[in-house]
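Everything on this sheet refers to the single structure shown next.
Protein chains in written order, with my numbering: chain A, 9 to 431; chain B, 240 to 525.
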């Protein structure tokens with residue numbers, strides 16, 4: 009019995025301790041580990057997969073990019089933070105504004121890309137793209153995916169509510185909201201669950217409309233933040249039930265189900281408007297929607313402004329092996345090649361910091377969003393991007409407290425300020 | 240002549256108490272079962288039905304393909320297998336180690352015994368997210384990143400505090416005289432552990448094993464952190480495939496969740512008597 013037991017344990021150990029390595033590689037092949045969120049149902053997933061497959065084919069035997077699929081954003085962030093903290097930075101990873109980009113750039117754990125950018129690669133990027141993210145003149149984290157946030161509305165629902173245009177002012181916005189609600193629809197999707205993404209965007213739009221381009225100059229001291237919180241709370245009267253605990257999938261789902269009139273998200277979501285899966289009775293969602301601009305706030309300073317952000321940064325872990333460093337740079341250059349980025353923009357609807365010529369067949373909604381971006385009088389970051397990470401971490405719980413009536417608008421802003429102060 | 244004894248009908252205060260008792264029982268039964276039934280019902284709807292109809296409405300036509308979608312889209316089959324492998328092995332190793340530790344703490348008097356026990360069980364109070372960095376470093380240093388062994392070792396460690404607590408509670412209730420009699424009959428240390436204490440502690444071990452298996456089955460943070468290969472991913476990582484911010488396929492997500500909880504429910508149903516007995520024993524003696 010003891011022998012059988014010992015044998016069993018030995019087998020278990022041999023079986024379970026054997027590393028499940030990536031597929032066997034020929035000698036000398038460099039393997040690049042790339043944990044990515046541009047997978048699964050992400051709008052960039054299909055073309056990214058195609059691009060990586062093509063790169064691997066072109067470099068067969070010498071370089072292989074292995075993608076680690078990560079579909080849960082928060083889990084992905086936790087994993088990247090842990091790996092970077094412990095000195096196991098992935099070969100390539102994607103960061104967003106919830107990471108402390110400056111601190112990461114200063115950490116010395118990422119590859120210095122400056123020499124490669126200076127060799128000409130940097131000319132592929134928009135002018136001034138690196139200014140805000142370089143440290144001591146060195147660039148180690150590349151701003152890659154850009155985003156502008158502008159409302160998109162369902163014309164059919166507006167028509168059913170007796171509206172043929174998107175409101176130009178917030179006063180008119182709430183008149184429209186009454187009519188849309190009376191017609192039996194939700195006006196917009198809000199969410200205080202997960203990271204409060206949609207509400208954070210609405211809050212950013214209102215803050216911009218009230219405070220204008222210098223709204224962040226005095227931090228949360230600007231009275232625009234309290235006033236915007238009052239407007240945001242009012243918006244919760246016009247959203248679907250259960251928004252306090254809702255997540256992004258709820259907001260998306262309701263707009264796709266045609267029971268919500270206005271949608272607010274980044275341009276990467278545009279591809280979903282054209283998906284057959286989201287059509288109803290053969291009619292694509294794209295045929296029902298129109299791009300709008302942020303309404304003007306009475307007495308506000310934000311007319312013509314636009315909320316933007318860097319949605320995705322590309323970064324590479326520091327390498328000891330020069331050959332591997334060269335391989336990683338080669339892949340990054342391949343990924344940010346203007347022709348490839350043009351295709352990526354076309355397939356996903358997303359926007360990028362790389363200078364590319366939009367494809368002729370660019371979808372009309374993407375074209376309109378680009379037009380809105382080009383016509384903006386000024387731009388500001390969304391609130392999550394403008395404040396330290398503690399702000400975005402605290403935002404959902406402060407918002408839930410505001411909506412549930414536990415705090416007033418001033419209390420909401422105070423709670424966010426306290427979180428920033430404590431960090 | 241047989242005599243049938245009938246319980247006299249309840250009257251007055253007794254009747255009121257009985258009604259209140261049944262109301263309470265029904266309330267808790269509904270409270271417990273409703274989320275499961277809602278989940279099951281939602282997993283059989285279309286996305287359109289789910290979003291636009293009443294959340295309490297039954298599916299017009301059960302959409303069984305949601306389950307095939309869930310299994311095929313995210314490759315849940317392989318993930319289920321991985322969860323079973325990791326869960327079973329980690330549970331086996333965990334209860335072996337915890338029962339040996341609990342035996343020494345429960346049956347022997349030595350200096351620092353209670354301190355060691357406190358050290359063992361203090362882990363119950365530490366949130367898992369606080370251990371991400373140290374565990375990640377340890378697993379990496381041991382060369383166990385991206386292995387079944389890494390997950391098994393980690394889950395085994397995570398569960399040691401709870402398992403030790405439960406098993407020691409039960410071992411404390413076994414009379415010392417039994418072991419003393421065996422000792423007089425010439426039974427050694429291992430003999431007493433394997434032939435007397437371990438069989439008598441079965442209830443506590445089953446309880447600990449069940450908790451341990453459920454911990455392994457439901458854990459997500461480390462399953463995602465210390466594994467990168469798709470071949471090793473567990474069911475909880477698979478479910479997240481449906482829950483990212485770009486996903487709108489609710490019904491397949493609910494189908495995936497139903498698939499993921501079925502083994503837990505089956506396990507609990509099979510072992511519920513031992514679990515309750517073990518918990519009760521632990522509660523009294525622990």
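Backbone N, C-alpha and C define an ideal beta-carbon position, used for all residues, glycine too.
Being a predicted model, the structure only gives us computed values, none of them experimental.
Does residue 376/B have its Cβ less than 7 Å from a Cβ in chain A? Numbered from its first residue, the second chain carries residue 376/B at position 137. Residue 376/B has a beta carbon lying within less than 7 Å of a beta carbon in chain A.
6 Å Cβ shell around residue 404/B - same chain, five flanking residues per side excluded: Residue mapping note: residue 404/B aligns to position 165 of the second chain, counting from 1. Closer than 6 Å at Cβ, skipping near neighbours: 360.
Against chain A, does residue 204/B count as a neighbour if the rule is that its beta carbon must be under 7 Å from one of theirs? Nothing can be reported for residue 204/B, as the shown portion of chain B is limited to 240 through 525.
Would you please verify whether the beta carbon of residue 372/B is less than 7 Å from any beta carbon of chain A? Within the second chain, residue 372/B is the residue found at index 133, counting from 1. For residue 372/B, the answer is yes, since a Cβ of chain A falls inside 7 Å of its Cβ.
Please look up how many angstroms separate the CB atoms of residue 346/B and residue 418/B, rounded, as I've assumed it's under 8 Å. Along the second chain, one-based indexing puts residue 346/B at 107. Along the second chain, one-based indexing puts residue 418/B at 179. In this structure, residue 346/B and residue 418/B form a Cβ contact; the two beta carbons are roughly 7 Å apart against a cut-off of 8 Å.
Can you tell me which of the three DSSP states residue 195/A falls into? Sequence index remark: in the first chain, residue 195/A carries index 187 (1-based). Three-state DSSP puts residue 195/A in a strand.
Which of helix, strand or coil does DSSP assign to residue 301/B? Translated into the one-based positions of the second chain, residue 301/B becomes position 62. Residue 301/B falls in the coil class under three-state DSSP.
Near residue 413/A, what residues of its chain come up, given a Cβ to Cβ distance below 7 Å and the 5 sequence neighbours on each side ignored? Stepping through the first chain from its first residue, residue 413/A is reached at position 405. Apart from sequence neighbours up to five positions away, no residue of its chain approaches residue 413/A with a beta-carbon distance below 7 Å.
Excluding five sequence neighbours on each side, which residues of the same chain lie with their C-beta closer than 7 Å to the C-beta of residue 280/A? Sequence index remark: in the first chain, residue 280/A carries index 272 (1-based). Non-local beta-carbon contacts of residue 280/A in its own chain, meaning distances under 7 Å to residues more than five positions away in sequence, involve 51, 286 in chain order.
My output table needs one value for residue 107/A: the three-state DSSP class, helix, strand or coil. For the purposes of this step, residue 107/A is identified with residue 99 of the first chain, where counting begins at 1. Look at residue 107/A here: in three-state DSSP terms it is coil, with no helix or strand label.
State yes or no: is the C-beta of residue 474/B within less than 7 Å of the C-beta of residue 389/B? For the purposes of this step, residue 474/B is taken as the residue at position 235 of the second chain. For the purposes of this step, residue 389/B is taken as the residue at position 150 of the second chain. The Cβ atoms of residue 474/B and residue 389/B do not sit closer than 7 Å to each other.
What does a CB cutoff of less than 7 Å around residue 444/B pick up in its chain, not counting 5 residues either side in sequence? For the purposes of this step, residue 444/B is taken as residue 205 along the second chain, with counting starting at 1. Same-chain partners within the cutoff: 334, 338, 406.
So with CB distances below 9 Å, who are the chain A contacts of residue 267/B? Taking the second chain and counting its residues from 1, the one referred to as residue 267/B is at position 28. Neighbours of residue 267/B on chain A: none; closest Cβ ~23 Å, over 9 Å.
Can you tell me whether residue 97/A is helix, strand or coil according to DSSP? If you number the first chain from 1, residue 97/A lands on position 89. In the structure shown, residue 97/A sits in coil (DSSP, three-state: anything other than H, G, I, E or B).
What residues in the region 379–403 of chain A have a beta carbon less than 9 Å from any beta carbon of chain B? The residues in question: there are none.
Distance between residue 470/B and residue 318/B (C-alpha atoms, nearest Å): The residue you call residue 318/B lines up with position 79 of the second chain. The residue you call residue 470/B lines up with position 231 of the second chain. The C-alpha of residue 470/B is placed about 8 Å away from the C-alpha of residue 318/B.
Between residue 80/A and chain B, is the shortest Cβ-Cβ distance under 7 Å, so that the two count as touching? In the first chain, counting from the first residue as 1, residue 80/A sits at position 72. At a cut-off of 7 Å between beta-carbon atoms, residue 80/A makes contact with chain B.
Against chain A, does residue 463/B count as a neighbour if the rule is that its beta carbon must be under 7 Å from one of theirs? As a first step, residue 463/B must be located in the second chain, where it is residue number 224. The beta carbon of residue 463/B sits closer than 7 Å to some beta carbon of chain A.
Closest by CA to residue 401/B, which one among 374/B, 410/B, 364/B? On the second chain, residue 401/B is found 162 positions in, with the first residue counted as 1. Nearest of 374/B, 410/B, 364/B to residue 401/B, Cα basis: 364/B.
Measure the Cβ-Cβ separation of residue 314/A and residue 156/A and say whether it is below 7 Å. For the purposes of this step, residue 314/A is taken as the residue at position 306 of the first chain. For the purposes of this step, residue 156/A is taken as the residue at position 148 of the first chain. By the CB criterion at 7 Å, residue 314/A and residue 156/A fall inside the cutoff.
Residues near residue 296/A by beta carbon distance below 7 Å, same chain, minus five either side: As a first step, residue 296/A is located in the first chain; it is residue number 288 there, counting from the start. Residues 162, 163, 164 of the same chain have their beta carbon placed closer than 7 Å to that of residue 296/A, with the five preceding and five following residues left out of the count.
Given that residue 431/B touches chain A, what residues does it touch there, using C-beta distances under 9 Å? Numbered from 1 along the second chain, position 192 holds the residue referred to as residue 431/B. Per Cβ cutoff of 9 Å: no residues; residue 431/B is ~16 Å from chain A at best.
With a floor of 4 residues, list each alpha helix (DSSP H) that falls wholly inside the region 335–373 of chain A, ordered by position along the chain. Complete alpha helix (DSSP H) runs here, min 4: 346–356.
Measuring only the C-alpha atoms, how far is residue 31/A from residue 429/A? Position 23 of the first chain, counting from 1, holds the residue named residue 31/A. Position 421 of the first chain, counting from 1, holds the residue named residue 429/A. Any reading at residue 31/A needs caution, since the residue's pLDDT is 45, under 50, leaving its predicted position unreliable; the model's value is listed next. Spanning the two alpha carbons is a distance of roughly 48 Å.
What distance in whole Å lies between the Cβ atoms of residue 261/A and residue 489/B, which are believed to be in contact at a cut-off of 8 Å? For the purposes of this step, residue 489/B is taken as the residue at position 250 of the second chain. For the purposes of this step, residue 261/A is taken as the residue at position 253 of the first chain. Indeed, because the Cβ distance is near 6 Å, the residues count as touching under 8 Å.
Return helix, strand or coil for residue 230/A, following the three-state DSSP convention. For the purposes of this step, residue 230/A is taken as the residue at position 222 of the first chain. DSSP places residue 230/A outside both helix and strand once states are collapsed to three, so it counts as coil.
Quick check on DSSP: helix, strand or coil for residue 355/B? Position 116 of the second chain, counted from the start, is the residue given in the question as residue 355/B. Reduced to three states, the DSSP call for residue 355/B is helix.
For residue 241/A and residue 88/A, which I take to be in contact (beta-carbon distance under 8 Å), what is that distance rounded to the nearest angstrom? By one-based count along the first chain, residue 241/A stands at place 233. By one-based count along the first chain, residue 88/A stands at place 80. Between residue 88/A and residue 241/A the Cβ distance is about 34 Å, and since that is not below 8 Å, they are no contact.
Roughly how many angstroms lie between the CA atoms of residue 101/A and residue 431/A, to the nearest whole one? By 1-based counting over the first chain, the position of residue 101/A is 93. By 1-based counting over the first chain, the position of residue 431/A is 423. One C-alpha to the other measures close to 25 Å.
I think residue 177/A touches residue 301/A, with their Cβ atoms under 8 Å apart; what is that distance to the nearest whole Å? By 1-based counting over the first chain, the position of residue 177/A is 169. By 1-based counting over the first chain, the position of residue 301/A is 293. With a contact defined as Cβ atoms closer than 8 Å, residue 177/A and residue 301/A miss out at about 11 Å.
Just tell me which of 211/A, 319/A, 168/A, 113/A has its CA closest to the CA of residue 97/A. The sequence position of residue 97/A within the first chain is 89, counting from 1. Comparing Cα-Cα distances from residue 97/A to each of 211/A, 319/A, 168/A, 113/A, the minimum goes to 113/A.
Are residue 377/B and residue 384/B touching if we call contact CB-CB under 7 Å? The sequence position of residue 377/B within the second chain is 138, counting from 1. The sequence position of residue 384/B within the second chain is 145, counting from 1. No, Cβ-Cβ distance for residue 377/B and residue 384/B is not below 7 Å.
Within the chosen definition, does the region 124–138 of chain A reach the region 253–271 of chain A through at least 3 CB pairs nearer than 8 Å? Contact fails: fewer than three Cβ-Cβ distances are below 8 Å.
Need the endpoints of the alpha helix (DSSP H) that residue 387/B sits in, please. Position 148 of the second chain holds residue 387/B. Run containing residue 387/B: 387–411, per the alpha helix (DSSP H) assignment.
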